[in-house]
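**Q** The structure under discussion is supplied below as structure tokens; questions concerning it will follow.
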Amino acid sequence: MAIWINPACSKCRLATEALDAAGVEYTVRRYLDDPPTRAELDEVLGRLGLEPWDVTRTGEPEAAAVAALGRTPEDRDAWVQALVDHPRLIQRPILTADDGTTVIGRDPESLARVLP
Numbered sequence: 002m003a004i005w006i007n008p009a010c011s012k013c014r015l016a017t018e019a020l021d022a023a024g025v026e027y028t029v030r031r032y033l034d035d036p037p038t039r040a041e042l043d044e045v046l047g048r049l050g051l052e053p054w055d056v057t058r059t060g061e062p063e064a065a066a067v068a069a070l071g072r073t074p075e076d077r078d079a080w081v082q083a084l085v086d087h088p089r090l091i092q093r094p095i096l097t098a099d100d101g102t103t104v105i106g107r108d109p110e111s112l113a114r115v116l117p
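Using the numbering used here, you'd call the opening residue of the sequence shown number 2 and step up by one each time.
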């Protein structure tokens, strides 16, 4: 399993605690220090079945980069590029299980989908 985290995020800490409690082996990616590439982000969005605006933290100062964008197929590339350029905008934590199941683990129900 892999988890994208910001160590300062309480939801990320809760997710790693849940993984530890379940005895799950996982790798940590501090995505602010090691931002995802465009291809990685597209892959994760596909696994999540979401669009980039669905995983964007619009309350962050960097959200100015997407403020004028529409939420249309024509704007999708610009949204993805904004997330690549400003990874702080990416919702967290993102967990990908070995079977490919991918969730944004902000609540116990989502975490349960990737825990044994």
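Using N, Cα and C, we set each Cβ at its ideal position, and we do this for glycine too.
Please identify the residue among GLY71, LEU33, ALA22 whose C-alpha is closest to the C-alpha of GLN92.
**A** Per the Cα distances, LEU33.
**Q** Apart from the five residues on each side of it in sequence, which residues of its chain come closer than 8 Å, Cβ to Cβ, to MET2?
**A** LEU20, VAL25, GLU26, TYR27, THR28, LEU96, THR97, ALA98, ASP99, VAL115
**Q** Using 8 Å as the cut-off, can you tell me whether the region 80 to 88 makes contact with the region 31 to 45, which would need three or more C-beta pairs spanning the two stretches below that distance?
**A** yes
**Q** Given a threshold of 16 other Cβ atoms within 10 Å of its Cβ, counted over all protein chains shown, does ALA113 qualify as buried or as exposed?
**A** That one is exposed.
**Q** Compute the distance between the beta-carbons of ALA9 and GLY106, then report whether it is under 7 Å.
**A** no
**Q** Relative to the alpha-carbon of PRO109, which residue among GLU18, ASN7, TRP5 has its alpha-carbon at the smallest distance?
**A** GLU18
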